[in-house]
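Enquirer: Residues in the sequence shown are numbered from 516 upward in steps of one, following the numbering used here. Here a beta-carbon is modelled for each residue, glycine too, at the ideal position from N, C-alpha and C.
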Amino acid sequence: MRKKIVAGNWKMNKNLQEGIALATELTEVVKNPNCDVIICTPFIHLASVAGIVKGSAIELGAENCADKASGAYTGEVSAEMVKSTGAAYVILGHSERREYYHETPEILKEKVQLALANGLKVIFCIGESLEEREAGKQNEVVKAELEGSVFNLSAEDFGKIILAYEPIWAIGTGKTATSDQAEEIHAYIRSIVAEKYGQEVADNTSILYGGSCKASNAPELFGKPDIDGGLIGGASLQVADFKGIIDAWN
Ligand code: PGA
516 MRKKIVAGNW KMNKNLQEGI ALATELTEVV KNPNCDVIIC TPFIHLASVA
566 GIVKGSAIEL GAENCADKAS GAYTGEVSAE MVKSTGAAYV ILGHSERREY
616 YHETPEILKE KVQLALANGL KVIFCIGESL EEREAGKQNE VVKAELEGSV
666 FNLSAEDFGK IILAYEPIWA IGTGKTATSD QAEEIHAYIR SIVAEKYGQE
716 VADNTSILYG GSCKASNAPE LFGKPDIDGG LIGGASLQVA DFKGIIDAWN
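#1: Reducing DSSP to helix, strand and coil, say where Glu458 ends up.
#2: Nearest CA to the CA of Gly634: which residue from Glu649, Ile567, Ser593, Glu655?
#3: Among all the DSSP beta bridges, which residues are the ones paired with Phe558?
#4: Which residue marks the beginning of the alpha helix (DSSP H) containing Phe639, and which one marks its end?
#5: Out of Tyr703, Leu723, Gly566, point me to the one whose CA is closest to Lys652's CA.
#6: Asn654 by DSSP, collapsed to three states: which one?
#7: What residue range is occupied by the uninterrupted beta strand (DSSP E) comprising Ala522?
#8: Compute the distance between the beta-carbons of Thr542 and Val568, then report whether it is under 8 Å.
#9: Within a Cβ cutoff of 8 Å, which residues of the same chain sit near Gly534, ignoring the five residues on either side of it in sequence?
#10: What does Tyr680 pair with, by DSSP beta-bridge criteria?
#11: With H, G and I counted as helix, E and B as strand and the rest as coil, what does DSSP make of Gly622?
#12: Hey, quick one: how far does the beta strand (DSSP E) through Leu746 stretch, first residue to last?
#13: Closer than 7 Å: is that where the CB of Ser694 sits relative to any heavy atom of the ligand PGA?
#14: Where does Asp551 sit, in a helix, a strand or coil, going by DSSP?
#15: In or out: Pro740 buried (at least 16 other Cβ within 10 Å) or exposed?
#16: Skipping 5 residues on each side, what residues in its chain have a beta carbon closer than 6 Å to that of Ala709?
#17: For Ile573, which beta-bridge partners are listed by DSSP?
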């Protein structure tokens, strides 16, 4: 059966010392959680944080990786480099990367393949904008995002993908999708995974909700049958807030 997961996305927050302090505190308070707990940190934190979370209940991921394997790509960080730090996951397809850094479905497809080839598990983000939601196009949008970057994978490789549904209008805005709105589209996403890969793969795919998820709304969201956890931005930066969301699975 699919995993329950709470994953933090620190984004471009915390300098190295602050990141080390946050990771250290988290390892002290997160003991025997009822879900998998992942923190995704900036690249420069990875090697240090890997040493801190080793042997704890917390797993580590990056927030991005390059769409090229290696070579003359100044400033880029490859999937192999991410893996070599001890990280096990990478977030790909985040709407901030798609929008501000012009990551296209083709680029993301390359990134996903390189991440998987290097033994990383992928947290792949999909989700519609406010305009698309208002036009009733959310299902179309998430389907196209899956078809554009991950539905080319074999069923075995697709099994290493965690999906995160993040409506862009709910990210960092304090506006959460209602649990019914989220459940409706999570169920739709699972149905198209089933169409493509069969019911067993669909039943084993974790689909996380992201977008202003916090300790106060997590229990209701996580109570829905097709919501398998959360991808948490702002509320992953404070120990008590993040712990509160993890405890929603208790
Ligand atoms: P938020 O971000 O929790 O701050 O809304 C979620 C995300 O972008 O992953």
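Expert: Taking the coordinates as given:
#1: Since the first residue shown for the chain is 516 and the last is 765, residue 458 is missing from the structure and cannot be characterised.
#2: Ser593
#3: Answer is none; Phe558 lacks a bridge partner.
#4: Taken as a continuous stretch (DSSP letters only), Phe639 belongs to no alpha helix (DSSP H), being part of the beta strand (DSSP E) at 636-641.
#5: Tyr703
#6: helix
#7: 520-524
#8: yes
#9: Trp525, Thr556, Pro557, His560, Ser563, Val564
#10: Ile641, Tyr724
#11: Reading the sequence as shown, one finds Ile at residue 622 and not Gly. Three-state DSSP puts Ile622 in a helix.
#12: 744-747
#13: no
#14: strand
#15: exposed
#16: Ala717
#17: Val552
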